[in-house]
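The block underneath contains the structure these notes are about, expressed in structure tokens.
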Amino acid sequence: MLTKPDHIRFSLLVSMAVLSGVVMVFSNKLAPKMRQVVIGAAVLLFLFKHLLAVRSGIVTMYAAGLLWLGWLGWQMGRWRLAFAGAALVAALGIACVLFFPTLQNKIINTRTDTEQLDSAQAANNFSVTARVYSYQVAWITVREHPILSVSKVKLQEAMAQQYSYRFPEINPDRYVLPHNQFIYNLAAYGVIGLLLFTLGFYYPLLAAIRQRNILLMIIYLIVSISFVVEYTLESNIEVIVGLFFILLASTPTCTEEGSEARELLTPQAQLA
């Protein structure tokens, strides 16, 4: 059985790899040689990211990079390094636009796609336009069933009925579910389901902010941006991308556990 390619999730993994490498480099926990290896790998993946030219992946990487640069300046007080890093990233990004044909084609295709938003028939051939109309159809479903909606099992059928009635120009084989995790949950489970999902998914983020776990915050940002353009958690690989690395980043390291244990020791135990 052939493996189904999934360039979007792969691109999200590359974003996580690049930013994780950057965080590791500045953690001062790597040996000098390993630090050089991680820097080289992060730069290569950064360039490969632009060669791959996946829109959501590029946006997540730059957004997470801005968060890291802000953290580097605001929390670590290294503003000069933050501005120098921003200038370097901007220079590399501009160079990629100038020299990578795949990225140039993606920019042209995206511009052409967004110019078709007023035509429902264009949803048959353009992905961005198809997603915009899927949001409209999902919102109609939500307005008819706002509290608990129609359930995930019946969502595709309910949206197909709205597609055929509201937008007959769109072919049935081009009916798509809303490519937005929040809208998807709202259309499938209603307002109550969306509130429960948001509370359950983002509650650990409060701990990350309190503990100043920048890696966990970065991965949360990457996954959250993917939620805007994809229903990221609706397949096995998507759950791995969306949840596994969040759990991995939230796991205390041996150093952190050791420091916490030392803090719990009483003065008598420390003297002993």
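If you're matching positions, the sequence shown starts at 106 in this note's numbering and goes up one per residue. Just so it is clear, CB atoms sit at the ideal spot from N, CA and C, and this is done for glycine as well.
Complete runs of the alpha helix (DSSP H) confined to the stretch 171-219 [at least 4 residues]: 184-204 and 206-219
Which of the three DSSP states, helix, strand or coil, is assigned to Pro357? coil
How about Leu156 and Thr215: do their beta carbons lie closer than 7 Å? no
Selected residue, minimal CA-CA separation from Asn290, among Val255, Glu274 and Asn229: Val255
Excluding five sequence neighbours on each side, which residues of the same chain lie with their C-beta closer than 6 Å to the C-beta of Phe153? none
Give a yes or no on whether the C-beta atoms belonging to Phe350 and Ile319 are separated by under 7 Å. no
Where are the beta strand (DSSP E) runs, 3 residues long or more, that stay fully inside the stretch 217-293, in chain order? none
C-beta atoms of Gly162 and Ser132 nearer than 7 Å: no
Cα-Cα separation, Phe151 to Glu335: 22 Å
Does the structure place the stretch 265-280 close enough to the stretch 213-229 that three or more beta carbon pairs sit under 8 Å? yes
How is Gln375 classed by DSSP in three states: helix, strand or coil? Summary for Gln375: the model assigns pLDDT 49, below 50, so the residue's position carries little reliability, and this model does not support an answer.
Report the CB separation of Arg195 from Leu174 in whole angstroms; it is logged as a contact under 8 Å. The question names Arg, yet the displayed sequence has Ala at residue 195. That belief does not hold up - the Cβ atoms of Ala195 and Leu174 are roughly 11 Å apart, past 8 Å.
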